[in-house]
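Just below is one structure, and these are the notes that go with it.
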Amino acid sequence: MALEFGATDFVLANGDDFDSVAAVQQLSGGGVDHSFEVVGSTKLLADCLPMTKAGGNICAVGVRT
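The numbering used here numbers the first residue of the sequence shown as 89 and each following residue consecutively.
Structure (structure tokens):
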């Protein structure tokens, strides 16, 4: 589905020991311009910091239930 919407790359996290930060940094050449946390996880939001280039944007989306 991501490819249908124009994504050129994606990371499929398999297992608890998967290092998503390292995967994103390697894939992007040092960090992305924009990152999004949309599930409400403080750990994932903290992971956005080292994944995002200096001067980049981090978007945290919250939906009250």
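For every residue, glycine included, the Cβ atom is placed at its ideal position computed from N, Cα and C. Fair warning: this is a prediction, and the values are worked out from it, not measured in the lab.
Beta-carbon proximity of P138 to V109, cut-off 8 Å: A distance below 8 Å separates the beta carbons of P138 and V109.
Cβ-heavy atom distance, L91 to the ligand NAD, below 7 Å: Although the ligand NAD was asked about, the structure shown includes no ligands whatsoever.
Unbroken beta strand (DSSP E) run spanning T140, endpoints: Run containing T140: 140 to 148, per the beta strand (DSSP E) assignment.
Coil, strand or helix - D105 by DSSP: Note: D105 maps to coil in three-state DSSP.
Whole-number beta carbon distance between T96 and V120, since they are thought to touch under 8 Å: Going by Cβ atoms, the distance from V120 to T96 rounds to 12 Å, so no, they are not a contact pair.
D105 to A111 span [Cα, whole Å]: Looking at the two C-alpha atoms, the distance is approximately 12 Å.
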